[in-house]
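**Student:**
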Amino acid sequence: MIDIKFLRENPDVVKQNIKNKFQDHKLPLVDEVIALDIENRKTIQEANDLRSEKNKCSKMIGALMAQGKKEDAEQMKKKVAESSARLAELEKLEPEYEEKIRKIMMVIPNIIDPSVPIGKDDSENVEVQRFGEPVVPNFDIPYHTEIMENFDGVDMDAAGRVSGNGFYYLMGDIARLHEAVLAYARDFMIERGFTFCIPPFMIHGNVVEGVMSQTDMDAMMYKIEGEDLYLIGTSEHSMIGKFIDQILPETALPQTLTSYSPCFRKEKGAHGIEERGVYRIHQFEKQEMIVVCKPEDSMDWYEKMWRWSVELFRSMDIPVRQLECCSGDLADLKVKSCDIEAWSPRQQKYFEVCSCSNLGDAQARRLKIRVKGADGRTYLPHTLNNTVVAPPRMLIAFLENNLQSDGTVLIPKAIQHYMGGKDKLIPKNK
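Numbered per the working numbering, the sequence shown spans residues 37 to 466.
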């Protein structure tokens, strides 16, 4: 959410930003909110003038009564009563205008960074660079669930009977590998100075509204029936929500947290054949990183955060690339975002495993997170988030890139400790 003052002073910039995001249907909202803002400020000014006039009249009534001028005092009382009635009308209008303005401002997209490439959708995202050599082995690589089944590592049928489509049982070595990757990712971030956190897995509606757009909320979030609680789609939501309505001392910045959580997502829409198995599911676990920092530091943190994702995946012998998200692929709150995609030897293409985003001060403004500077003034911090690792998708990349022709899967040195010293997995059903 952008600052109403910025929109008031730069309507053409806001409109061009909307065009750059290919959301032309939102263009009328700019003029609408400007008109509402004008009326709201007129209302506030008239109310303030009436309050001032009432105070003066009240003092004059006392003076007139003291002088025995009862008739004049009564006339003044009538004037005060009229002012009070009008003031009551205005005081009712103020919150109505403010709520209308707030709702529109929540829909108008954040101003994207000038470096963001202009494009309509994810098909126009831009590859920036690659890390590691993508390899296509000289043997066929089975679909990821088939690899897992060779280790008695997954049961989709049982999960379907218990929970329906989009769920899974992980078993044995595959389940252990899943947890090993999470534990490694946790320690990886702790070693980089982040504080480990296990956050709430359910959050109030005002927190959801503070961290994401209504469109994303409707597409993703599961609501607890009869309660003001939502299951988190990512721990970023509750991690940023931790600071709601808080004034942080500047000395407390940056806040750098890494969190473990299960995640729950509706994942609406048709899914292609490559998105079956454990690729697109309703429940998964993830290690996340978030940063709350000074505005001038946010782009430096953005650069560090996505590079850590690259480092993590390369330490597990997985080739990756950085993909810059174009304007039309950015969620409304985001200033800049990139995906880290892992190489799939089976598909011979890359697929998304991490997403790093700088949201500027949008979340802080919505959640009323402020920082008190050394000069005593308060300002809005910037917030950033990035996936450290989400094992279901990460497992696909891991198994495909470390699979050997004999069906074994090599365990990179980085996570052998978390696998009880194993250097490879041996299939049971090959």
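Note that CB positions come from ideal geometry on N, CA and C, so glycine has one too.
(1) CA-CA distance, E130 and S380?
(2) Where in the stretch 389-447 do unbroken runs of the beta strand (DSSP E), each at least 3 residues long, occur, reported from the N-terminal end onward?
(3) With 8 Å as the threshold, decide whether the Cβ of P170 is near any Cβ in chain B.
(4) Within the continuous alpha helix (DSSP H) that includes T292, where are the two ends?
(5) Would you mind sorting P64 into buried or exposed? The rule is 16 or more other CB atoms within 10 Å of its CB.
(6) Relative to the C-alpha of P228, which residue among M257, S94 and T292 is closest?
(7) To the nearest angstrom, report how far apart K139 and R402 are at their CA atoms.
(8) For the beta strand (DSSP E) that P47 lies in, which residues bound it at each end?
(9) Touch check for the stretch 407-427 and the stretch 374-392: three-plus C-beta pairs under 8 Å?
(10) For my contact list, L446 and H214 are in at a C-beta cut-off of 8 Å; report their separation, rounded to the angstrom.
(11) In chain order, what are the residue ranges of uninterrupted alpha helix (DSSP H) at least 4 long that sit wholly in the stretch 230-289?
(12) Does DSSP put V69 in a helix, a strand or coil?
(13) Tell me whether C93 sits in a helix, a strand or coil according to DSSP, three-state version.
(14) If we count the other Cβ atoms within 10 Å of its Cβ and call it buried at 16 or more, is I283 buried or exposed?
(15) Quick check on DSSP: helix, strand or coil for L43?
(16) When you compare only the Cα positions, how much space is there between R382 and Y415?
(17) Grouping DSSP H, G and I as helix and E and B as strand, with all else coil, what is I309?
(18) What would DSSP say about A378, mapped onto helix, strand or coil?
(19) Is the number of C-beta pairs between the stretch 230-245 and the stretch 255-264 that are closer than 8 Å three or more?
(20) In angstroms, rounded to a whole number, what distance separates the CA positions of I451 and V217?
(21) The ligand HEM heavy atoms versus the CB of N174: any closer than 7 Å?
(22) Output the distance between the C-alpha atoms of T79 and Q399, rounded to the nearest integer angstrom.
(23) How far does the beta strand (DSSP E) with E321 in it extend, from its first residue to its last?
(24) Considering only their Cβ atoms, is the gap separating T270 from R222 smaller than 8 Å?
(25) In angstroms, rounded to a whole number, what distance separates the CA positions of V328 and F434?
**Tutor:** Looking at the coordinates:
(1) 56 Å
(2) As far as the stretch 389-447 is concerned, its whole beta strand (DSSP E) runs of at least 3 residues are 406-408 and 418-425.
(3) In the structure shown, chain B cannot be found, because there is only a single protein chain.
(4) Premise fails: T292 lies in the beta strand (DSSP E), Q291 to F300, not in any alpha helix (DSSP H).
(5) exposed
(6) According to the sequence displayed, residue 228 carries Arg and not Pro. Nearest C-alpha to R228: T292.
(7) 11 Å
(8) Element bounds for P47: not the beta strand (DSSP E) but the alpha helix (DSSP H), P47 to N56.
(9) yes
(10) Contact flag wrong, Cβ pair sits at about 17 Å.
(11) 241-247, 250-256 and 271-277
(12) helix
(13) If DSSP states are grouped into helix, strand and coil, C93 belongs with the helices.
(14) exposed
(15) helix
(16) R382 and Y415 have their C-alpha atoms some 49 Å from each other.
(17) Residue confidence is low: I309 scores 48 on pLDDT, short of 50, so the model does not pin down where it sits. Its coordinate-derived value is still stated next. It is helical.
(18) The answer is strand: DSSP assigns A378 an E or B state.
(19) yes
(20) 7 Å
(21) The ligand HEM is absent from the structure shown, which contains no ligands of any kind.
(22) Computed Cα separation, rounded: 28 Å.
(23) Q319 to C329
(24) no
(25) 31 Å
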